[in-house]
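Residue 447 in the working numbering is what sits at position 432 of the sequence shown, and the numbering runs on without skipping anything. The C-beta atom is built at its ideal place from N, Cα and C for all residues, glycine as well. The model shown is predicted, which means the values in this text are computed figures rather than measured ones. Below you'll find the structure, written out as structure tokens, and then a few comments.
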Amino acid sequence: MKVLLVHPSPLMYSEIFLRLEPIGVERVAAAARAAGHEVRLLDLQIFGHADYYRELSEFAPHAVGFSLNYLANVPEVLDLAKETKRRRPGCFIFAGGHSGSFIADELLAHAEGALDAMVRGEGELITPRLLEAAGDPRVSTLPGVVTADGAGPAPTMLDDIDRFPPARDLTRRRHKYFIGVLDPCASAELTRGCPWDCSFCSAWTFYGRSYRKASPEAAADDLARITEPNVFLVDDVAFIHPEHGFAIGHELEKRKVRKQYYLETRCDVLLRNREVFAYWKRLGLHYMFLGLEALDEEALRLHRKRVTPGENFKALEVARELGFTVAVNIIADADWDERRFALVREWALSVPEIVHLTVATPYPGTEIWHTDSRRLTTLDYRLFDVQHAVLPTRLPLQRFYEELVATQAVINRKHLGLTALREVAGLATRLALRGQTNFLRMLWKFGSVYNRDRQYSDHLRPVTYQMRPPALATARPRARDLFIHHVKGADVAAAPAPSSGGQDT
Ligand code: B12
Ligand code: SF4
Numbered sequence: 016m017k018v019l020l021v022h023p024s025p026l027m028y029s030e031i032f033l034r035l036e037p038i039g040v041e042r043v044a045a046a047a048r049a050a051g052h053e054v055r056l057l058d059l060q061i062f063g064h065a066d067y068y069r070e071l072s073e074f075a076p077h078a079v080g081f082s083l084n085y086l087a088n089v090p091e092v093l094d095l096a097k098e099t100k101r102r103r104p105g106c107f108i109f110a111g112g113h114s115g116s117f118i119a120d121e122l123l124a125h126a127e128g129a130l131d132a133m134v135r136g137e138g139e140l141i142t143p144r145l146l147e148a149a150g151d152p153r154v155s156t157l158p159g160v161v162t163a164d165g166a167g168p169a170p171t172m173l174d175d176i177d178r179f180p181p182a183r184d185l186t187r188r189r190h191k192y193f194i195g196v197l198d199p200c201a202s203a204e205l206t207r208g209c210p211w212d213c214s215f216c217s218a219w220t221f222y223g224r225s226y227r228k229a230s231p232e233a234a235a236d237d238l239a240r241i242t243e244p245n246v247f248l249v250d251d252v253a254f255i256h257p258e259h260g261f262a263i264g265h266e267l268e269k270r271k272v273r274k275q276y277y278l279e280t281r282c283d284v285l286l287r288n289r290e291v292f293a294y295w296k297r298l299g300l301h302y303m304f305l306g307l308e309a310l311d312e313e314a315l316r317l318h319r320k321r322v323t324p325g326e327n328f329k330a331l332e333v334a335r336e337l338g339f340t341v342a343v344n345i346i347a348d349a350d351w352d353e354r355r356f357a358l359v360r361e362w363a364l365s366v367p368e369i370v371h372l373t374v375a376t377p378y379p380g381t382e383i384w385h386t387d388s389r390r391l392t393t394l395d396y397r398l399f400d401v402q403h404a405v406l407p408t409r410l411p412l413q414r415f416y417e418e419l420v421a422t423q424a425v426i427n428r429k430h431l432g433l434t435a436l437r438e439v440a441g442l443a444t445r446l447a448l449r450g451q452t453n454f455l456r457m458l459w460k461f462g463s464v465y466n467r468d469r470q471y472s473d474h475l476r477p478v479t480y481q482m483r484p485p486a487l488a489t490a491r492p493r494a495r496d497l498f499i500h501h502v503k504g505a506d507v508a509a510a511p512a513p514s515s516g517g518q519d520t
């Protein structure tokens, strides 16, 4: 069967700082190919809708699968699915991915028959079975599959994440993938899942709080296959188990793999496992993202981050000592006033780290979706991208965006202002000379993307597809009721080793 897999367009944030390869879709593509299908992949972060429709007529696929990791992409994918069905009525159209998994029924209803099936959970095991059953009533009995006729049992989890290494050969114009100065940049996955349970996050609910590791050999083989000099590690929390990080590192040394790496981790993990990060510094790890989320104890408690401000600040010191360039994230609450924004600006300017601000957003699949979302001010999927306020703001909305953008701009000038630009000018020129202009473009784009009026006017657009609000929750939902994948005993057994900052405190 000819199969076209599609990743939707980028969201606001990605327009500036990064554009990364859709490694989840590449893995699904690898599984479909292993089952004998002829697979193509089109990434709309790079290509336009006209390219998609051209591919549709030239390749003439029997099946099209859309990736829906991001809620904000829902309207785009629904429109593409409807137009695809109109142009190719016989084509089997399905969608899967992180966000899609939590709202499968809702998407089928919006699609009005344009989506033949939704896939909940991981795509590698089920996609070949789905393609085999396409057009047959058996489809709705498959694990994780939902159709207008019904839903199959809970999705099956991949027993071994070494299987189906990403089909990177299917992504075209790979030089367009970058993150900041790591231009060009590939992505890789060393572990999957997260054993923590932050209230604003759905990474843990998707995987039923499980945590799986690639074998050190397979992880190193995969990294060795990458032709780009830079790698973004997509793991939710890198190096929870230091021995795993060391083992991969040793395999990389054996294979003489030398890259520059970017990863994301938690502050308490960095504090606890400092040696493995120091070791990876020697292997080429220069950039890391630490999920700080808040500066004060009360907000950290509400996010159920299970770290203290003291640990967070200590981790920043450790990262500085180790010589990493660090980006941190702070979650701006809709309740913030001018004073609160000013405090964050002041703090951000006082530290050397790159500070990102995102807006607290309840998503389906998160705990706060059930506890906070009754107050939602909009049901427009496109605004659920952590850059828009979807809860009532204490400040008038325009004022809120003014403060948000001003704060982001002040922070940004710290890194992209004239002095900083002088420091990176040499690097930008060297990259441009090699034809890599993503980083250079990023330096100029901030003002056009982060713009108070643009953000406010996004709320005034006509809404075609409305999100289904959650049922009224009288109590905090049980963790298991939020899970997509159910793993026996996972929420207990897979938790990280107890420590002062970890899971059990
Ligand atoms: C890496 C990552 C990114 C990368 C994305 C790279 C890319 N182009 O895909 C970057 C850094 C760019 C990124 C950015 C953002 N991200 Co992000 N990201 C992740 C992260 C940590 C891992 C995703 C990943 O690659 N996993 C590994 C692969 C193998 O898994 P996967 O992609 O989920 O794919 C599997 C399944 O989903 C499924 N599947 C996927 N596609 C398809 C398609 C079909 C047809 C089928 C059948 C199955 C299927 O099968 C795959 C294999 O099992 C997730 C958290 C998480 N654990 O999921 C957050 C996450 C997905 N991101 C999130 C957010 C909020 C964002 C941003 C909006 C953040 C921001 N500050 O603005 C931006 C928006 C980006 C955009 N679309 O433009 C949220 C999602 C929110 C939501 N519900 O919409 C998540 C869940 C994090 C969280 N803490 O809540 N992100
Ligand atoms: S530690 Fe990170 S990935 Fe894990 S639940 Fe919390 S925010 Fe999500």
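*Would the beta-carbon of Leu238 fall within 8 Å of that of Ala203?*
yes
_Asp237: CB within 7 Å of a non-hydrogen atom of ligand 2_ = no
_Within 8 Å, do at least three Cβ pairs link the segment 308-322 to the segment 227-243?_
no
*Extent of the continuous alpha helix (DSSP H) to which Val502 belongs*: That residue, Val502, is in no alpha helix (DSSP H); it is neither H nor E in DSSP.
_Given Gly260 as reference, the closest of Asn245, Ala229 and Gln481 once Cα atoms are compared_ = Ala229
*Just confirm the distance between the C-beta atoms of Gly111 and Gly138, as a whole number of angstroms; I'd bet it's less than 8 Å.*
5 Å
*What's the gap between the Cα of Pro377 and the Cα of His403?*
11 Å
*Taking the alpha carbon of Ser82 as the point to measure from, which residue in His52, Ser72, Asp66 and Ala44 has its own alpha carbon closest?*
Ala44
*May I ask you to list the residues that DSSP assigns as paired with Gln470?*
DSSP lists no partner for Gln470.
*Asn288 by DSSP, collapsed to three states: which one?*
coil
*asked:* Looking at ligand 2, does it come within less than 7 Å of Asp212, judged from the CB to the closest heavy atom?
replied: yes
*asked:* So for Asn12, helix, strand or coil by DSSP?
replied: The requested residue 12 does not occur in the structure, where the chain is confined to residues 16 to 520.
*Start and end of the beta strand (DSSP E) containing Arg55?*
Glu53 to Asp58
*Spatial distance of Cys216 from Ala375 (CA atoms)*: 10 Å
*asked:* When you compare the CB positions of Phe193 and Leu56, do they come within less than 8 Å of one another, or not?
replied: no
*Decide yes or no for the touch test of the segment 77-91 against the segment 106-125: beta carbon pairs closer than 8 Å, at least 3 of them.*
yes
*In three-state DSSP terms, what is Ser24?*
coil
*Within this structure, are the beta carbons of Ile383 and Phe117 separated by less than 8 Å?*
no
*For Trp211, does the count of other Cβ atoms within 10 angstroms reach 16, so buried, or fall short, so exposed?*
buried
*How should His64 be labelled, buried or exposed, when 16 other C-beta atoms within 10 angstroms of its C-beta is the threshold for buried?*
exposed
*Beta-carbon proximity check, Val21 vs Leu59, cutoff 8 Å*: yes
*asked:* Is Pro168 close to ligand 1? I mean its beta-carbon at under 7 Å from any heavy atom of the ligand.
replied: no
*Using the C-alpha atoms, what's the distance from Thr99 back to Met27?*
25 Å
*I think Glu91 touches Ser24, with their Cβ atoms under 8 Å apart; what is that distance to the nearest whole Å?*
6 Å
_Cut-off 7 Å between Cβ atoms - residues of its own chain near Gln275, not counting five sequence neighbours on either side_ = Leu197, Pro244, Asn245, Gly299 and His301
*So who's on the other strand from His371, going by DSSP bridges?*
Asn344
*Roughly how many angstroms separate the alpha carbons of Leu285 and Gly325, rounded to a whole number?*
13 Å
*Would you say Glu204 touches ligand 1, meaning its beta carbon is less than 7 Å from a heavy atom?*
yes
*May I ask which residues mark the beginning and end of the alpha helix (DSSP H) holding Ser82?*
No alpha helix (DSSP H) contains Ser82, which is instead part of the beta strand (DSSP E) from Ala78 to Ser82.
*Cβ of Tyr480 versus every heavy atom of ligand 1: is any distance shorter than 7 Å?*
no
*Since Leu305 contacts Thr323 with CB under 8 Å, what's their CB separation in whole angstroms?*
Contact doesn't hold; Cβ gap of about 14 Å is too wide.
_Cutting at 6 Å between CB atoms, please list the residues of its own chain near Gln413, excluding the five before and the five after it._
Tyr471
*Kindly indicate which residue of Pro37, Asp177 and Arg240 has the alpha-carbon position closest to the one of Lys1.*
The displayed coordinates of the chain run from 16 to 520. Any statement about residue 1 would go beyond what the structure contains.
*Can you round the beta-carbon distance between Ala166 and Ser155 to whole angstroms, since I take them to be within the 8 Å contact cut?*
7 Å
*asked:* If the criterion is Cβ atoms closer than 8 Å, does the pair Ala201 and Arg183 meet it?
replied: yes
*asked:* Closer than 7 Å to a non-hydrogen atom of ligand 2 - does that hold for the CB of Trp295?
replied: no
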